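FYI, the numbering for the sequence shown is -17 to 44, going by our numbering.
What follows is a set of notes on a single structure, which appears directly below.
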Amino acid sequence: MYFWCTLCQRTFTSVELNPSQCHFSDCEGSVYDIRDWEWVLEKDPSFPEIPKVGEKYSLRKG
Ligand SMILES: [Zn+2]
C-alpha cells in the first residue's frame, strides 16, 4: 500500500492498512494527516498510479 502525508506531501509505503504516523522522522504527520494513494489519485489523476517513495507530490488547491 502507498500512502501520502498531507503535511510533508511525501509518499511512503506501509504494510499497515492505517499507518498511525508519517513514515518520515522529520515530519509530525499523524494518522489524521495520512491519506492512501487512491485518495490522492482521485484528487489529481495526473499523478502516477505507482508513486515514487519519498517524492513530494503537491496537490493543487481547489
Ligand atoms: Zn509527513
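Heads up, the beta-carbon is just placed ideally off N, CA and C, and yes, glycines get one too.
Quick caveat: nothing in here was measured; it's all calculated off a predicted structure.
- In chain order, Met(-17), Phe(-15), His5 place their CB closer than 8 Å to the CB of Ser(-4), counting only its own chain and leaving out the 5 sequence neighbours on each side.
- Following the DSSP letters along the chain, one finds Arg17 inside the beta strand (DSSP E) bounded by residues 16 to 18.
- At a cut-off of 7 Å, the beta-carbon of Phe6 counts as near ligand 1: some heavy atom of the ligand is closer than that.
- Ile16 is classed as buried because its beta carbon has at least 16 other beta carbons within 10 Å across all chains shown.
- In the same chain as Ile32, and ignoring 5 residues on each side of it, the C-beta atoms closer than 8 Å to its own belong to Tyr(-16), in chain order.
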